[in-house]
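In case it helps, my numbering puts the sequence shown at residues 58 to 255.
Quick reminder that beta carbons are idealized off the backbone N, C-alpha and C, glycines included.
Below is one structure, written out as structure tokens; comments come after it.
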Amino acid sequence: METYVDAIGVDTAGTTTETAEKKQNKKLRVMVAIDESKNSFYALEWAVEHLRDVIRAEPENDQEGGLLTLVHVHPTYLQYIYPAGGTVAAAVYATDSVPEPMKKAREESTTRLFTRALEICRGKMVKTETMILEGDPKEVICQAIEETHVDLLVVGSRGLGMIKRAFLGSVSDYCAQHAKCPILIVRPPREASTSKQQ
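What follows is the structure, encoded as structure tokens:
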């Protein structure tokens, strides 16, 4: 076995293998952005299956697992009042508070969404947390990444065409440009995307 002595004269052979072993066993904080789309759930399934070695806890080795954060973003609700007989240009911004029936429907939808997502994570020994945010999904996800020090963001690809992408923008494109961590964009399987187009 070769030993390496650095410039100070300290034998670092033991620490080098120890450091490499720690890097190999390092558990990651992974964030998966989910919404009601099939593609976001495909991205979650892909992440749980393919990244399980870096996010799963291993109790038999007393090794703490990483953390999988499921993030869902509610768009900001804006309500406008239009004067009677007025034009659309005469709209006046009224309030950003969500009416109670809409709030309840949104909470029920989010509960169903997270229940479905957590079922996917169950049984894989993945420590999971959920996060509900409000605002523009592109910006809010990037901000959450910075605040929670995520190691990897996983998003599904919605498969927008060039025209829709130009007008609507794409969360995955925006995050790829602005996120402060690596981003993995998971595309749906080939057969699912071709059957969708027919």
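Phenylalanine 171 to leucine 127, Cα distance in whole Å?
-> Those two C-alpha atoms are separated by around 8 Å.
Count the other C-beta atoms from every protein chain shown that fall within 10 angstroms of the C-beta of leucine 210, then say buried if there are 16 or more, exposed otherwise.
-> Label assigned to leucine 210: buried.
Is it true that the CB of alanine 174 sits closer than 7 Å to the CB of leucine 124?
-> Using a Cβ distance threshold of 7 Å, leucine 124 and alanine 174 do not count as a contacting pair.
Find the nearest neighbour of lysine 181 within the set Val111, Asp230, Cys199 and Asp92, judged by alpha-carbon distance.
-> Taking only the C-alpha atoms, the option nearest lysine 181 is Val111.
Beta-bridge partners of leucine 188, as assigned by DSSP | With the sequence shown as reference, residue 188 is identified as methionine, and leucine is not the correct amino acid for it. DSSP, once it has assigned bridges, lists Val128 as partnering methionine 188.
Answer with buried or exposed for methionine 88, where buried requires no fewer than 16 other C-beta atoms within 10 angstroms of its C-beta.
-> By the beta-carbon neighbour count (other beta carbons within 10 angstroms, threshold 16), methionine 88 is buried.
Reference serine 214; option with closest CA among Arg86, Lys184, Phe98 and Ile189 | Of all alpha-carbon atoms in Arg86, Lys184, Phe98 and Ile189, the one lying nearest the alpha-carbon of serine 214 is that of Phe98.
Leaving out the 5 sequence neighbours to the left and right, which residues in its chain are closer than 8 Å to threonine 167 when beta-carbon positions are compared?
-> Residues His129, His131 and Ile189 of the same chain have their beta carbon placed closer than 8 Å to that of threonine 167, with the five preceding and five following residues left out of the count.
Between which two residues does the alpha helix (DSSP H) carrying methionine 159 extend?
-> 157-178 is the span of the alpha helix (DSSP H), which, as asked, contains methionine 159.
Residues in its own chain within less than 7 Å of arginine 109 by CB, not counting five upstream and five downstream?
-> These residues qualify, in order along the chain: Lys181 and Val183.
Between the Cα of serine 229 and those of Glu93, Glu196 and Glu191, spot the shortest distance and give me the residue it belongs to.
-> The shortest C-alpha to C-alpha distance from serine 229 to any of Glu93, Glu196 and Glu191 is the one to Glu196.
CA nearest to the CA of arginine 169, picked from Ala201, Leu241 and Ile91 = When each option's Cα is compared against that of arginine 169, the closest is Ile91.
Short check: CB of cysteine 178 to CB of valine 243, under 7 Å?
-> Cβ atoms of cysteine 178 and valine 243: not closer than 7 Å.
Within this structure, are the beta carbons of glutamate 203 and lysine 237 separated by less than 7 Å?
-> Yes; because the gap between Cβ atoms is below 7 Å, this pair is in contact.
Euclidean distance between Cα positions of glycine 201 and proline 245 = Reading the sequence as shown, one finds alanine at residue 201 and not glycine. Roughly 25 Å separates the two Cα atoms.
With C-beta atoms as the reference, is arginine 86 less than 7 Å away from valine 207?
-> In contact: arginine 86 and valine 207 (Cβ atoms closer than 7 Å).
If we ignore side chains and look at the alpha-carbon of each, how far apart do valine 212 and isoleucine 240 end up?
-> For valine 212 and isoleucine 240, the gap between their C-alpha atoms comes out near 8 Å.
Environment of threonine 185 [buried if 16+ CB atoms lie within 10 Å] | With 16 or more other Cβ atoms within 10 Å, it is buried.
Inter-residue spacing [alpha-carbon to alpha-carbon] between glycine 192 and threonine 133 | Taking the straight line from one Cα to the other gives about 5 Å.
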